[in-house]
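If you're matching positions, the first sequence starts at 405 in our numbering and goes up one per residue.
All C-beta atoms, glycine included, are put in the ideal place defined by N, C-alpha and C.
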Amino acid sequence: MRYNPKAVEEKWQGYWEREQLFSVQEDPDKKKFYLLEMFPYPSGRIHMGHVRNYSIGDVVARFLSMRGYNVLHPMGWDAFGMPAENAAIKAKTHPAKWTYENIDYMRRQLKKLGLSYDWTRELATCDPSYYRWEQLFFVKMFKKGLAYKKKSYVNWCGTCQTVLANEQVEDGACWRCDQPVVQKEMEQWFFKITDYVEELLEYLDKLPGWPERVLTMQRNWIGKSFGSTIHFPLESGKGSIQVFTTRADTLFGATFMSLAPEHPLVDELCRGTEQEETVRAFVERSKQAKRGERAADLLEKEGVFTGAHCINPMTGAKMPIFVANFVVMEYGTGAVMAVPAHDQRDFEFARKYDLPIKVVIKASEDAPVPEPAALDQAFEEDGILVDSGDFTGMTSAQAREAITQALEARGQGELTVQYRLRDWGISRQRYWGAPIPIIYCDECGTVPVPEEDLPVVLPLDLDMPESGASPLPLSEEFVRTTCPQCGKAARRETDTMDTFVESSWYFARFACSDYDQGPLDPQRVGYWMPVDQYIGGIEHAVLHLLYSRFFTKVLRDMGYLQVDEPFTNLLTQGMVIKDGAKMSKSKGNVVDPDDMIRAYGADTVRLFCLFAAPPEKELEWSDQGVEGASRFLGRVWRLVHDNLEGLQAAAPYDGRAEVGSTLQALHRKTHQTIKKVTEDIEQRFHFNTAIAAIMELVNQIYAVQDKASQDPAYWPVMREAVETVVVLLSPMAPHIAEELWERLGRRPSIAKVPWPTWREESLKAEEILIVVQVNGKLRGRLTVPADVTNEDLEKAALADPKVQSFIEGKTVRKVIVVPKKLVNIVV
RNA sequence: GCGAGAGUGGCGGAAUUGGCAAACGCACUGGACUUAGGAUCCAGCGCCCUCGGGCUUGGGGGUUCGACUCCCCCCUCUCGCACCA
405 MRYNPKAVEE
415 KWQGYWEREQ
425 LFSVQEDPDK
435 KKFYLLEMFP
445 YPSGRIHMGH
455 VRNYSIGDVV
465 ARFLSMRGYN
475 VLHPMGWDAF
485 GMPAENAAIK
495 AKTHPAKWTY
505 ENIDYMRRQL
515 KKLGLSYDWT
525 RELATCDPSY
535 YRWEQLFFVK
545 MFKKGLAYKK
555 KSYVNWCGTC
565 QTVLANEQVE
575 DGACWRCDQP
585 VVQKEMEQWF
595 FKITDYVEEL
605 LEYLDKLPGW
615 PERVLTMQRN
625 WIGKSFGSTI
635 HFPLESGKGS
645 IQVFTTRADT
655 LFGATFMSLA
665 PEHPLVDELC
675 RGTEQEETVR
685 AFVERSKQAK
695 RGERAADLLE
705 KEGVFTGAHC
715 INPMTGAKMP
725 IFVANFVVME
735 YGTGAVMAVP
745 AHDQRDFEFA
755 RKYDLPIKVV
765 IKASEDAPVP
775 EPAALDQAFE
785 EDGILVDSGD
795 FTGMTSAQAR
805 EAITQALEAR
815 GQGELTVQYR
825 LRDWGISRQR
835 YWGAPIPIIY
845 CDECGTVPVP
855 EEDLPVVLPL
865 DLDMPESGAS
875 PLPLSEEFVR
885 TTCPQCGKAA
895 RRETDTMDTF
905 VESSWYFARF
915 ACSDYDQGPL
925 DPQRVGYWMP
935 VDQYIGGIEH
945 AVLHLLYSRF
955 FTKVLRDMGY
965 LQVDEPFTNL
975 LTQGMVIKDG
985 AKMSKSKGNV
995 VDPDDMIRAY
1005 GADTVRLFCL
1015 FAAPPEKELE
1025 WSDQGVEGAS
1035 RFLGRVWRLV
1045 HDNLEGLQAA
1055 APYDGRAEVG
1065 STLQALHRKT
1075 HQTIKKVTED
1085 IEQRFHFNTA
1095 IAAIMELVNQ
1105 IYAVQDKASQ
1115 DPAYWPVMRE
1125 AVETVVVLLS
1135 PMAPHIAEEL
1145 WERLGRRPSI
1155 AKVPWPTWRE
1165 ESLKAEEILI
1175 VVQVNGKLRG
1185 RLTVPADVTN
1195 EDLEKAALAD
1205 PKVQSFIEGK
1215 TVRKVIVVPK
1225 KLVNIVV
């Protein structure tokens, strides 16, 4: 009977589905475990990254379920998003049709992989029964001031009349029509994630189950820095410029001022001066430049004088105000006090435009103070203040505090904390997304859609414009409405929400995806949340995971959730690569999961993904490696079938009866393997070494085969070993395990069999192998009784003839004995 | 530039607490079975060697009886952030 993966897999997938084997209910008497893998975007077909992600998750789900946990393991679809619009335009179909067809196809693919999902909880975020609750959250956030509208710059393609995401801008041009993209100021909706910035930062220390790498990335993204805000009065006497700096100690060396091109003061300062034209031209040019170019060192530092001056609040010196292309509006106040002697960028700028340089920091107490003209670069480190009035002689750290305090006393500055994190812009001028539930009324202004009128359903009967622009603003039927407050004619918001909003709370909805009395059923959500283990790609380390943390806190404060953090443990799996590069169509190195499953079966594909590398590392796809996995399963299959009669007739050995040494060794190996596999899965998620251990056991069974068949315990010990292989393998290769389990005369399902435990008694050998070293080098091996004393061990080691030859004629200085492991003789 | 991670045979990788480096798999070599073998089973497989042994975890130094593992310096690669004031 040959192993036929296709037949076996279809049989058991049908069985699992008929028996609803993986549907779970809330059960307060059982310990719950919520295991979640990041849900996919229904792009059309699953790729190897999904296969890997979901294979890992499935092992954990099946393993924990066999260990007695009540495991929630759901799956759904991150179903809104722009690819659906693009595909629809290209294929002249509708985004909804395209999306739902993809979902149907991909669901079939996942089922073919034999993943143990509770499909009764499946959800798609583009369904009104899902996004209606998201709109409710939006309305509540609007009422709390957590959702607000403000002007901000977006990438705008004038030809397509649409806003572009950053990744749709290629070399400063629109990806669709190749026309230049400009920065346009538009009204956009934002979520006030900055209200939670401190909690988001602090709680990173309370997530020991997250990889350090991800925590660091989030910390950097939040980017908290301590410094001072300093007010520089304008020479004209009309107001002042606010500046954020971490280097208040260098204030005496500030000789000019740099403003971002977008800074609101720029216009005002140059108006009516002879520089006006030059400044405006410069600002325009800077705005044209793509953000990507503004970043990095791609752009040469340039600037223009505005014609205005401000006053250094400490020295009283007149400081010319420049507009500089390297100052970004998004960070701090969009204005920088320039200290050319102690900041490299300011130094280069000063040299270029011949601006004064004043040294105010020296390296140490006795270091000389350099002449500005002799400098070839800025001195950016901390040091001792010079030429700084009352503060001269202080260290940088002392001066930062003292100078800020002095300013504060005069109302010209204060200590401040800056964050890199900006509020989350969620407006998308796109069609295929959840409509933002807002109505604009000429009388009443911006009015949220009343909760009882939700959802604002995304109309599905619209034609997609060729340009790629959203059809929503063109739909009179959608736009025209009445004001919920005054009843007069009003217009609907036509922006939709960023798809990251949907994925920021889907994990909670899985606890109760059929609930229609509100977004979240308190009882069920209370039972399942938080997610105990979350598994997904490292590419979501910042945005998705940060937004989900933010949303969890917002929903907590609204009373929907009782947890502070959504994901207790996080596993970020590495990419699947081929020939050293990420799989991509352009490189032609894509491996299609369907082809692999057809050729080898799902069990083999899963096994390979788990075996070839530990989960957090990259996985190099290898066709020969897949062959190896397939060969191993064939080996296990034959192990059962070649011995079927004898195995069926025997009861598994329980470790009690006396058996010969060969069988004793197999019994010991069986229990060592149970221990190794259990610990590798449970503590480390190292499935590769777990599988290697099972392979070792299989190899040993093969070696024992026929060797001790006259021993009455032969078949019982064999049965124990073979059944152990099948059970230990079942989370990784569930179909073949079910089939072999049944053929061994057991009743299905193996998924409901308790995970085996090892007997400590059975792990111990009567004799152990001791390594003998001379001067740290391996010189001999000893087989000794397991209960050997250190003294006997030392004696035996010194008496060993091979060891003797190395210590002959030398003085033994010291003997180190590591109990039951090693002897090291130092001569 | 800043931050994080990694570097072990021909390849993927193992070594969990400082204690036999290279488990397991792939590739390769030989043998058995066979009409046949691209199936299967068995064996070998880091490098050098005068067959005693010597050398080996990116390079150099250190701690230790003993270092892939700990410490210092350097090199290379990957990822993240990046004119952050």
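Asked: Residues in its own chain within less than 6 Å of R422 by CB, not counting five upstream and five downstream?; Found: none
Asked: Find the nearest neighbour of E1218 within the set K1225, E1198 and K1224, judged by alpha-carbon distance.; Found: Note on residue identity: the sequence assigns Lys, not Glu, to residue 1218. Of K1225, E1198 and K1224, the residue nearest in Cα terms is E1198.
Asked: Determine the extent of the alpha helix (DSSP H) in which Y833 is found, giving its start and end residues.; Found: According to the sequence provided, residue 833 is Gln. The question's Tyr does not apply to it. That residue, Q833, is in no alpha helix (DSSP H); it is neither H nor E in DSSP.
Asked: Starting from E953, trace the alpha helix (DSSP H) both ways and give me its first and last residue.; Found: For clarity, residue 953 is Arg in the given sequence; the question names Glu instead. It spans L947 to D961 - the alpha helix (DSSP H) in which R953 sits, taken as one unbroken run.
Asked: Given a threshold of 16 other Cβ atoms within 10 Å of its Cβ, counted over all protein chains shown, does V1222 qualify as buried or as exposed?; Found: exposed
Asked: Relative to the alpha-carbon of G720, which residue among K756, V763, F686 and F660 has its alpha-carbon at the smallest distance?; Found: F660
Asked: From the DSSP secondary-structure annotation, give me the bridge partner or partners of F726.; Found: S662 and F709
Asked: Suppose you measure from the CA of G627 to the CA of H1139; what does that come to, to the nearest Å?; Found: 48 Å
Asked: According to DSSP, is W481 part of a helix, a strand, or is it coil?; Found: strand
Asked: Starting from Q977, follow its DSSP beta bridges and name the residues at the other end.; Found: G941
Asked: Just the Cα atoms here: how many angstroms apart are I842 and V851?; Found: 6 Å
Asked: Could you have a look at C887 and say whether DSSP puts it in helix, strand or coil?; Found: coil
Asked: Taking DSSP as the reference, what is the three-state secondary structure of E413?; Found: helix
Asked: Given a cut-off of 7 Å on the beta-carbon distance, is the pair K762 and A745 in contact?; Found: yes
Asked: Is the separation between the beta-carbon of S907 and that of D482 shorter than 7 Å?; Found: yes
Asked: When you compare only the Cα positions, how much space is there between Q889 and D846?; Found: 11 Å
Asked: Express the C-alpha separation of P877 and I715 in angstroms, rounding to a whole number.; Found: 49 Å
Asked: Along the chain, which unbroken stretches of the alpha helix (DSSP H) at least 4 residues long are found entirely within the segment 463–549?; Found: 486–495, 499–516 and 532–547
Asked: Pair every Cβ in the segment 868–883 with every Cβ in the segment 555–570, then say whether three or more of these pairs are closer than 8 Å.; Found: yes
Asked: Count the other CB atoms, across all protein chains shown, that sit within 10 Å of the CB of G696; report buried if there are 16 or more and exposed otherwise.; Found: Confidence at G696 is low in this model, with a pLDDT of 45, below 50, so its placement is unreliable and the value that follows should be read with caution. The residue in question, G696, is exposed, as its Cβ has fewer than 16 Cβ neighbours within 10 Å.
Asked: When you compare the CB positions of Y535 and M479, do they come within less than 7 Å of one another, or not?; Found: no
Asked: For the segment 1078–1090 and the segment 1005–1017, state whether three or more C-beta atom pairs, one from each stretch, are separated by less than 8 Å.; Found: no
Asked: Let me check one thing: in DSSP terms, what residues is V821 bridge-paired to?; Found: F630
Asked: Could you pull the start and end residues of the beta strand (DSSP E) that T850 belongs to?; Found: G849 to P852
Asked: Would you mind listing the alpha helix (DSSP H) stretches within the segment 1055–1113 that are 4+ residues and don't spill past its ends, in chain order?; Found: 1065–1083 and 1091–1108
Asked: Going by DSSP, name the residue or residues bridged to I1174.; Found: L1186
Asked: So, for D1196: in the same chain, excluding its five sequence neighbours on each side, which residues have a beta-carbon less than 6 Å away from its beta-carbon?; Found: none
Asked: Hey, quick one: how far does the alpha helix (DSSP H) through A1017 stretch, first residue to last?; Found: Neither: A1017 is in no alpha helix (DSSP H) and is coded neither H nor E.
Asked: Reducing DSSP to helix, strand and coil, say where E616 ends up.; Found: helix
Asked: Where A411 and F1091 are concerned, what is the direct C-alpha to C-alpha distance, given to the nearest angstrom?; Found: 26 Å
Asked: Looking only at C-alpha atoms, which of V1192, A1155 and N559 sits nearest to F467?; Found: A1155
Asked: Is F1210 closer than 7 Å to V1178 when the C-beta atoms are compared?; Found: yes
Asked: Take T808 as the anchor and find which of A652, P499, N729 and L611 has the nearest alpha-carbon.; Found: A652
Asked: In the DSSP assignment, find the unbroken alpha helix (DSSP H) run with L1132 in it and report its ends.; Found: Y1118 to L1133
Asked: According to the Cβ coordinates, are L440 and V935 closer than 7 Å?; Found: yes
Asked: Per DSSP, what are the beta-bridge partners of N1228 in this structure?; Found: Q1177 and I1220
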